[in-house]
Structure formats: C-alpha cells, structure tokens
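FYI, in the working numbering the residues of the sequence shown are 245 to 487.
Below is one structure, written out as structure tokens, with a few remarks after it.
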Amino acid sequence: MAFDFKEKTALVTGATGKLTREVAIRLASKGVNLALHYHTQGEEALALAAQIEKMGRRCSVYRADLTQAKGIKKMVTAVLDDFGGVDILINSASKFIFKSLSQTDDELWQQMMDLHVTAPYRLARELEENFRRRQGAIVNFSDIWGLNPRKIFFAYSVSKGALISLTKALADELAPTTTVNAIAPGLIHFHEGATSAEQIKLPERIPLKRAGTVEEVVDMTLAVISNRYITGQVICIDGGRSL
245 MAFDFKEKTA LVTGATGKLT REVAIRLASK GVNLALHYHT QGEEALALAA QIEKMGRRCS
305 VYRADLTQAK GIKKMVTAVL DDFGGVDILI NSASKFIFKS LSQTDDELWQ QMMDLHVTAP
365 YRLARELEEN FRRRQGAIVN FSDIWGLNPR KIFFAYSVSK GALISLTKAL ADELAPTTTV
425 NAIAPGLIHF HEGATSAEQI KLPERIPLKR AGTVEEVVDM TLAVISNRYI TGQVICIDGG
485 RSL
C-alpha cells in the first residue's frame, strides 16, 4: 500500500538546507503542501516558499529556535491552525561541528543534543495525537557517523546516534498509523563539478568509488515515505562507506 502524496501536508525543519530544500521541492511536485521551518535564513526560506507556490502548492514559513520547547510548541500550533494537520514530518535541522572529546564543553554537547535529539522528540510529542489519527510518515535525517561515531566530531556523532535510537522508539510508539525511519547520508556532492581536495580524496575510501548525489538522497527519502511497510529502519546512502 503506497502513500498517497496528493494534498498532504509536510512540516520540514531546517528547510533551507541544501538537501532539505530539494526534498521540499520534490514533495511539492508530488502534490504536497509545505510548512517550512527556518531559524536564521529567513530570506532563503521565503524564496523557497515562493518557488513552491509557483508550483501550485500551498506553502508557509515558520521561524523557530528548535532548541527551545516554547518555540517548537508555538510553531506546531501555528502549522496545525494553518493546515489542519501534518501528514509528513521531516526532521532535518542540523549543525555539523568538528570537535573532539577534549574540545567539547557542556554547552556544545547540550547544543548538539537539543537540536538533533530533543527537538525531534518534542516535535513528535506535540504531534503525537495528530499522527495517531492519520496515516503519516516521519523521516529523521541522521548520518552514517551516527552508526559509526568519529572522534573528530564527537558530540555530533553521538547526537546523531541518539537520533537513530529515537527513530526506532518512535516507530514502535506511533505504529500502526505512522511510519518512522531515518536517512543516514554519507558523502554527498551538492553540485556538479565539486572539486575540493577532500571531495576528491574521500571517494577512494568508498566501495562504490564516488560521492552520492542530492537526487539519490531525495529519491530514497520519498521512497521511505511512500512504502507503508518500512518503519524503524536506518537507510544508509553512502556507497558502502559505513561497511
């Protein structure tokens, strides 16, 4: 049984991110109306909303600090008032910081946990009754380093691993009405012709010998939403890097 995208509503956090904006555009192309969250990139969010509206879809933007419970509650209330419900939740607001254990203080640790774990938990809690009443889908954007932590980005890796555990717990909690899965990207090229030294070197460590594309991540994201018999899973899109 496939998910019917037409006239559904998606709440997308961190909507101005390079991957996430393409997910939002693809959802709009499938007939989905969009509630776009942003924190600091207001102009980019408004530009994305205008692009989606030109596609004939409803789209509104919402500013919120996802590390604050009051901000999340206010945003969810506004989205439910505006759209009447949420069918798809994309948790993709994220911040990548290179810091080892010795470089990680309590403030950084808490920031990573608040954004990558506590915010998705609070969103699920605020939308729990909504998702129990409809055939919904939640997709959490984790990272392959959530499965295989790296000391060079210690707190980031641990928080993304905790998000994977939250994904599994929510999948059990919100069944049978709503599926909950995680996408774990590896190295992704965001545009053709990317030639930084690191992007050239890293594919040699990847079994498939190349970086992934944004399109491949977007394709899998929509496939996970569409398939109603996949839940509680972590889908690695990494060319085998996490093996």
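Cβ atoms here follow ideal geometry from the backbone N, Cα and C, with glycine treated the same way.
Beta carbon of Leu278, beta carbon of Ala254: below 7 Å? What you label residue 278 is simply residue 34 of the sequence shown in a count that begins at 1. What you label residue 254 is simply residue 10 of the sequence shown in a count that begins at 1. Yes. Within cutoff.
Identify, in the order they occur along the chain, each residue of the same chain with its Cβ nearer than 8 Å to the Cβ of Ala438, setting aside the five sequence neighbours on each side. Locating residue 438 in the sequence shown gives position 194, where the first residue counts as 1. The predicted model places Ala438 with a pLDDT of 48, which falls under 50 and marks its position as unreliable, so this point remains unresolved.
Which one or two residues does DSSP pair with Pro429 in a beta bridge? Within the sequence shown, numbered from 1, the residue matching residue 429 stands at position 185. The partner list for Pro429 (beta bridge, DSSP) reads Ile481.
Under the three-state DSSP convention, the category Leu492 falls into: The first residue shown for the chain is 245 and the last is 487, placing residue 492 beyond what the model contains.
Since Phe327 is in the alpha helix (DSSP H), which residue starts that stretch and which ends it? Residue 327 sits at position 83 when you count from the first residue of the sequence shown. Phe327 -> alpha helix (DSSP H) spans Ala313 to Phe327.
With burial defined as no fewer than 16 other Cβ atoms inside 10 Å of the residue's Cβ, what is the status of Thr465: buried or exposed? Stepping through the sequence shown from its first residue, residue 465 is reached at position 221. Classification of Thr465: buried, given that the 10 Å Cβ count is 16 or more.
Using C-beta distances below 8 Å, list every residue in its chain close to Leu359, excluding the 5 sequence neighbours before and after it, in chain order. The residue labelled residue 359 in the question sits at position 115 within the sequence shown. The beta carbon of Leu359 sits closer than 8 Å to those of Leu310, Thr311, Ala337, Ser338, Lys339 and Ser403, all from its chain and outside the five residues before and after it, given in chain order.
Report yes or no: do three or more beta-carbon pairs, one from the stretch 447-454 and one from the stretch 410-426, lie closer than 8 Å? Touching, no, given that fewer than three Cβ pairs across the two stretches are closer than 8 Å.
Can you tell me which of Gly405, Asp463, Asp349 and Arg485 puts its alpha carbon nearest to the alpha carbon of Leu431? Sequence index remark: in the sequence shown, residue 431 carries index 187 (1-based). With distances taken between Cα atoms, Leu431 lies closest to Arg485.
Inspect the CB distances between the stretch 457-471 and the stretch 376-385 and report whether three or more fall short of 8 Å. The stretch 376-385 and the stretch 457-471 touch, with three or more beta-carbon pairs separated by less than 8 Å.
Which runs of the alpha helix (DSSP H), 4 residues or longer, sit entirely within the stretch 364-436? Taking only runs of at least 4 residues, the alpha helix (DSSP H) segments lying wholly in the stretch 364-436 are 372-376, 388-391 and 398-418.
Provide the residue(s) that pair with Thr253 in DSSP beta bridges, ordered along the chain. For this step, residue 253 is matched to residue 9 along the sequence shown. The partner list for Thr253 (beta bridge, DSSP) reads Asn277.
If I follow the unbroken beta strand (DSSP E) through Ser206, where does it start and stop? This structure cannot speak to residue 206, because the chain is shown only from 245 to 487.
Taking only the alpha-carbon atoms, compute the straight-line gap between Arg301 and Ser344 and give it to the nearest angstrom. By one-based count along the sequence shown, residue 301 stands at place 57. By one-based count along the sequence shown, residue 344 stands at place 100. If I take the Cα positions, the gap works out to 44 Å.
Quick check on the DSSP output: the alpha helix (DSSP H) that includes Ile332 runs from which residue to which? Taking the first residue of the sequence shown as position 1, residue 332 is located at position 88. In this chain, Ile332 is not harboured by any alpha helix (DSSP H); it is covered by the beta strand (DSSP E) spanning Ile332 to Asn335.
Cα-Cα, which of Asn374, Lys298 and Asp387 is closest to Leu263? On the sequence shown, position 19 is the one that residue 263 refers to. Comparing Cα positions, the closest option is Asp387.
For Ile332 and Lys252, what's the separation of their Cα atoms in angstroms? On the sequence shown, residue 332 is found 88 positions in, with the first residue counted as 1. On the sequence shown, residue 252 is found 8 positions in, with the first residue counted as 1. Distance between Ile332 and Lys252, taken at the CA atoms: about 8 Å.
Leaving aside the five residues before and after Met245 along the sequence, list all residues of the same chain whose C-beta is less than 6 Å from its C-beta, in chain order. Here the question's residue 245 lines up with position 1 in the sequence shown. Cβ within range, chain order: Arg472.
Simplified DSSP state of Gly286, which is helix, strand or coil: Position 42 of the sequence shown, counting from 1, holds the residue named residue 286. Three-state result, Gly286: helix.
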